[in-house]
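So the structure is just underneath, and the comments pick up after that.
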Amino acid sequence: MSTLTGPRPAEAIDTAGHRLYWAVVDCWTVVRRGLLHYVRQPTNIAWQLGFPIVTVLLFGYVFGSAMTVPGGGDYREFLMPGLFGMTMAFGFMNTAYAVVLDSTKGVVDRFRSMPMASSAVVTGRGVSDLIAASIDLLVLAGMALVIGWRSNGGLPATLAAFGLFLLLRFALIWIGILLGLMVPNEEAAGSLFAVAFPFGMISSAFVAPSLMPDWLGAIAAWNPVSSTVTAARELFGNPAAVGDSWVEQHAMLMAVVWPLAITAVFLPLAVRRFQRLSR
Amino acid sequence: MSIDYAVRAEGLQKRYGRTQALAGCDLAVPYGSVCGLLGPNGAGKTTAVRVLSTLVRPDGGRAEVAGFDVTRQPRQVRHRIGLAGQFAAVDEVLTGRQNLEMFGRLFHLGTRPAKRRSAELLEQFDLAGAADQGVKTYSGGMRRRLDLASSMLLAPAVLFLDEPTTGLDPRGRNEVWRAVRSLVSGGTTVLLTTQYLDEADQLADRVAVIDAGRVIADDTPTALKNAIGGARIEVIVGEAGDLPAAAKAVARVTTAEPETDQDDRRVHAPVSDRVAALTEVARALQDQGVAVEDIGLRRPTLDDVFLQLTGHHAEAETAP
Ligand SMILES: Nc1ncnc2c1ncn2[C@@H]1O[C@H](COP(=O)(O)OP(=O)(O)O)[C@@H](O)[C@H]1O
Ligand SMILES: [Mg+2]
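Protein chains in written order, with my numbering: chain Y, 27 to 305; chain H, 340 to 659.
Right under this line is the structure:
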């Protein structure tokens, strides 16, 4: 082995502009890594999209004929936005799982010992998860089109609806990062499904809250997933089965307020947890 | 503090709950040298490395690495160090090359130099053949080498290696040792932790022995070994009645007093000319017709060091 002729470290110039530049560049490097994971593990994508596809078959075709939409309308038209919403809701598990793997395998420590912008560890995770979520949505929308779902709302409204789904997913990134830093190992991360499942299901995704028992319907109506799904249905021009409660009447507003509120609470918590790794 | 030292720690303290992981740890490693931090499991080696590599803030004391304070100037420190932790911290999903190129970019080398440097390191660490395979398919030794390569992307001024050869087979260990020596010849200062006296002896200019979060000895490997008497000859006899005869035979080859251990029917003593001592004792015992169950030479271990320095055994296993 030859002696080391490696590059010598660049001096740490410490101006605000310099920091911002590297925060962006390092974030992009971490994003690239997330995307490489995505393409190097095609079976993961299959698993991840397998669940919504099975759900479509189950709810759209097996239970579908027994399902009614209050106020009328085709159940499958009603179902598809619910499915998009559920996939976003479950997404926080992907974030948490990736964070657990990185922190238990020491990759987070390696990042923290390097002169990279430490914010990039968090922002890079967020951006690559959003890109992955966009791909999920594209694939699901393609599948929905194949089985006859249509958006009747025009292009701007359609894009706005997908924007709301991604906004929800964005908010859940912070919960995912926080949980990922809190749980001790992979197995524990797997058990997060017990949280994700009711979060995705007790909502307006599959059944209108007005058809549920009152107390459950109230919980479902106030679930952030419901607001996003109902708002998206309105934007898509799909049957929305909007109930009488205030929160359902203001789904569009709440589809923005909920994610912002979640972000306002959990982003600082996640960042603080990350900083406390040095304790 | 002076900047003649690449690593300088004074009175480092770190407590985890009720465990005092570091209890006033002092360390001084001159530029261009290799310091072996030797201690059993739980002695505080990893905690010391984590404090020095800016991952953990100490509760008390201070430390400078490459002339910068680890708590007040962590960014400057991070520009000058490499770290290979106790477990290979590489991305399992990516290939070896993708790992190095990613870390290279994050070290702010720039895309093209990062690629060039990665190819160079893959070659040096004998990973070129597997460079484009997923790390999942790598053996333990290959992972460790990749981890080491990742910590050397910048040719750091100070390299921290936490038990770099634990869990490796002899071949893997030799490869790691070779890599470390090559770095040192390029001017890098190395602080490596180990549980093996042998490893510290092979690589380090100075050995700091750490116990319960405190450095209890700081010396050259030779001085340490001399203090504990270098290699020892050991005779185990079949009959306890033969012990005095065995002790007499052993006394002929040692300058120290042979120690007799009745329960184990064992006589042992430090020796300097090991092979000559072994043949002479064996012949003497045979001449006297002593039934020998076992005779051999034993290299001093971490446990011997501990016994000598602290009067208690090292709690961890010590055989390499
Ligand atoms: N993150 C932590 N939380 C709680 N205890 C810890 C932590 N890290 C280390 N310790 C404790 O501190 C002591 C020293 O640990 P460590 O520095 O890992 O020792 P070594 O690397 O020499 O085996 C041990 O008793 C260990 O259990
Ligand atoms: Mg350790």
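All C-beta atoms, glycine included, are put in the ideal place defined by N, C-alpha and C. Owing to the predicted nature of the structure, the values given are computational and were not obtained by experimental measurement.
Relative to the C-alpha of Val390 of chain H, which candidate in H:Gly378, H:Pro495, H:Arg354, H:Ala595 has its C-alpha closest?
Along the second sequence, one-based indexing puts residue 390 of chain H at 51. Cα-wise, what sits closest to Val390 of chain H is H:Arg354.
If you measure between the beta carbons of Ala296 of chain Y and Trp200 of chain Y, is that distance less than 8 Å?
The count along the first sequence starts at 1 and reaches residue 296 of chain Y at position 270. The count along the first sequence starts at 1 and reaches residue 200 of chain Y at position 174. In contact: Ala296 of chain Y and Trp200 of chain Y (Cβ atoms closer than 8 Å).
Let me know if Gln627 of chain H comes out buried or exposed under the rule of 16 or more other beta-carbons within 10 Å of its beta-carbon.
By 1-based counting over the second sequence, the position of residue 627 of chain H is 288. So Gln627 of chain H ends up on the exposed side.
Put Ile228 of chain Y into one of helix, strand or coil per three-state DSSP.
Counting from 1 along the first sequence, the entry for residue 228 of chain Y is found at position 202. Three-state result, Ile228 of chain Y: coil.
When the Cα of Trp272 of chain Y is compared with those of Y:Pro285, Y:Arg259, Y:Ser252, Y:Ala290, which residue comes out closest?
Along the first sequence, one-based indexing puts residue 272 of chain Y at 246. The residue with the shortest Cα to Cα distance from Trp272 of chain Y is Y:Ser252.
Can you list, in chain order, the residues of its chain with a C-beta nearer than 8 Å to that of Ser341 of chain H? Leave out the 5 residues immediately preceding and following it.
In the second sequence, the residue the question calls residue 341 of chain H occupies position 2. Bear in mind that a pLDDT of 47 at Ser341 of chain H, under 50, signals an unreliable position, so the number given afterwards is only what the model happens to contain. Cβ neighbours of Ser341 of chain H beyond the five flanking positions: Arg347.
Could you confirm whether any beta carbon from chain Y is found closer than 8 Å to the beta carbon of Leu563 of chain H?
The residue labelled residue 563 of chain H in the question sits at position 224 within the second sequence. Not one chain Y Cβ lies under 8 Å of Leu563 of chain H.
Could you tell me the alpha carbon to alpha carbon distance between Val125 of chain Y and Gly150 of chain Y, rounded to whole angstroms?
For the purposes of this step, residue 125 of chain Y is taken as residue 99 along the first sequence, with counting starting at 1. For the purposes of this step, residue 150 of chain Y is taken as residue 124 along the first sequence, with counting starting at 1. Their Cα atoms are separated by approximately 11 Å.
Under 8 Å Cβ to Cβ from Arg444 of chain H, same chain only, skipping five residues before and after it: list those, please.
Against the second sequence, residue 444 of chain H aligns to sequence position 105. Answer for Arg444 of chain H: Thr450, Ala453, listed in chain order.
Check Pro68 of chain Y in the structure and name its three-state DSSP category.
On the first sequence, position 42 is the one that residue 68 of chain Y refers to. Pro68 of chain Y falls in the helix class under three-state DSSP.
When the cut-off is 8 Å and only beta carbons count, does Gln437 of chain H lie next to chain Y?
Position 98 of the second sequence, counted from the first residue, corresponds to residue 437 of chain H. So yes, Gln437 of chain H belongs to the interface.
Which of helix, strand or coil does DSSP assign to Arg605 of chain H?
On the second sequence, position 266 is the one that residue 605 of chain H refers to. Correct three-state label for Arg605 of chain H: strand.
May I ask you to list the residues that DSSP assigns as paired with Phe499 of chain H?
Your numbering for residue 499 of chain H matches position 160 in the second sequence. Paired residue(s): H:Leu422, H:Leu530.
Return the residue from the list H:Arg591, H:Leu498, H:Leu530, H:Leu485 that minimises the CA-CA distance to Gly511 of chain H.
Position 172 of the second sequence holds residue 511 of chain H. Gly511 of chain H has its Cα closest to that of H:Leu485, out of H:Arg591, H:Leu498, H:Leu530, H:Leu485.
What whole-angstrom Cβ distance do Pro250 of chain Y and Trp284 of chain Y have, given they're in contact under 8 Å?
Within the first sequence, residue 250 of chain Y is the residue found at index 224, counting from 1. Within the first sequence, residue 284 of chain Y is the residue found at index 258, counting from 1. About 4 Å separates the two Cβ atoms, so the contact holds.
So which residues on chain H does Asp301 of chain Y lean against when the C-beta distance must stay under 9 Å?
Here residue 301 of chain Y refers to the residue found at position 275 of the first sequence. Looking at the sequence itself, residue 301 of chain Y is Gln, so the reference to Asp does not match. By Cβ distance, chain H contributes nothing, its closest Cβ being about 10 Å from Gln301 of chain Y, past 9 Å.
So if I measure from each beta-carbon to every heavy atom of ligand 1 and keep distances below 5 Å, which residues remain?
With the cut-off at 5 Å, the residues found are H:Tyr355, H:Thr358, H:Ala360, H:Asn380, H:Gly381, H:Ala382, H:Gly383, H:Lys384, H:Thr385, H:Thr386.
Mind checking the region 385–403 of chain H against chain Y and listing, in chain order, the residues whose C-beta falls within less than 9 Å of any C-beta there?
Result list: Arg389, Ser392, Thr393, Leu394, Val395, Arg396.
Taking only beta-carbon atoms, is Gly132 of chain Y less than 8 Å away from chain H?
Locating residue 132 of chain Y in the first sequence gives position 106, counting from the first residue. Yes, Gly132 of chain Y lies at the interface with chain H (some Cβ there is under 8 Å from its Cβ).
To the nearest angstrom, how far is the alpha carbon of Asp558 of chain H from that of Trp516 of chain H?
Here residue 558 of chain H refers to the residue found at position 219 of the second sequence. Here residue 516 of chain H refers to the residue found at position 177 of the second sequence. Their Cα atoms are separated by approximately 21 Å.
For a contact meaning CB atoms closer than 7 Å, what does Met441 of chain H contact in chain A?
Absent from the structure: chain A. Protein chains present are Y and H.
Identify the continuous alpha helix (DSSP H) that holds Glu274 of chain Y and give its terminal residues.
As a working mapping, residue 274 of chain Y is identified with position 248 in the first sequence. Counting along the chain, the alpha helix (DSSP H) containing Glu274 of chain Y begins and ends at 272–275.
Is Asp501 of chain H near ligand 2 - that is, is its Cβ less than 7 Å away from at least one heavy atom of it?
Sequence index remark: in the second sequence, residue 501 of chain H carries index 162 (1-based). Yes; taking the cut-off as 7 Å, the Cβ of Asp501 of chain H has a heavy atom of ligand 2 nearer than that.
Give the DSSP-derived three-state secondary structure of Arg298 of chain Y in the structure shown.
Against the first sequence, residue 298 of chain Y aligns to sequence position 272. In this structure, Arg298 of chain Y counts as helix in the three-state DSSP scheme.
What are the boundary residues of the beta strand (DSSP E) that includes Gln359 of chain H?
As a working note, residue 359 of chain H is residue 20 in the second sequence. From DSSP, the beta strand (DSSP E) with Gln359 of chain H extends over 358–369.
With a cut-off of 8 Å, do at least 3 Cβ pairs link the region 211–228 of chain Y to the region 108–128 of chain Y?
The answer is yes - the region 108–128 of chain Y touches the region 211–228 of chain Y, with three or more Cβ pairs under 8 Å.
Which residue's Cα is closest to the Cα of Leu531 of chain H: H:Thr505, H:Gly356, H:Ile572?
Residue 531 of chain H sits at position 192 when you count from the first residue of the second sequence. Ranking the options by Cα distance to Leu531 of chain H, first place goes to H:Thr505.
Rounding to the nearest angstrom, what Cα-Cα distance links Asp544 of chain H and Ala158 of chain Y in this structure?
Reading the second sequence from its first residue, position 205 is the one you call residue 544 of chain H. Reading the first sequence from its first residue, position 132 is the one you call residue 158 of chain Y. Those two C-alpha atoms are separated by around 51 Å.
Thr522 of chain H to Tyr370 of chain H, Cα distance in whole Å?
As a first step, residue 522 of chain H is located in the second sequence; it is residue number 183 there, counting from the start. As a first step, residue 370 of chain H is located in the second sequence; it is residue number 31 there, counting from the start. Checking the sequence shown, residue 522 of chain H turns out to be Leu, not Thr. Rounded to the nearest angstrom, the two C-alpha atoms are 13 Å apart.
Helix or strand or just coil, what does DSSP make of Leu377 of chain H?
As a working note, residue 377 of chain H is residue 38 in the second sequence. Strand.
Please list the segments of the beta strand (DSSP E) lying wholly inside the region 388–448 of chain H, counting only runs of 3 or more residues, in order along the chain.
399–404, 420–423, all fully within the region 388–448 of chain H.
So what's Glu260 of chain Y in DSSP terms, helix, strand or just coil?
Taking the first residue of the first sequence as position 1, residue 260 of chain Y is located at position 234. Helix.
Tell me, please, whether the CB atom of Asp408 of chain H is closer than 8 Å to any CB atom in chain Y?
Taking the first residue of the second sequence as position 1, residue 408 of chain H is located at position 69. Output row for Asp408 of chain H: interface = no.
With a CB to CB cut of under 6 Å and the five nearest residues on each side skipped, what residues in its chain are close to Phe676 of chain H?
Past the edges of chain H, shown from 340 to 659, lies residue 676 of chain H, and the structure says nothing about it.
Got a sec, what are the start and stop residues for the alpha helix (DSSP H) Gln352 of chain H sits in?
Start at 1 with the first residue of the second sequence, and residue 352 of chain H comes out as number 13. Looking at the DSSP string, Gln352 of chain H is not in any alpha helix (DSSP H); the run it does join, the beta strand (DSSP E), is 344–355.
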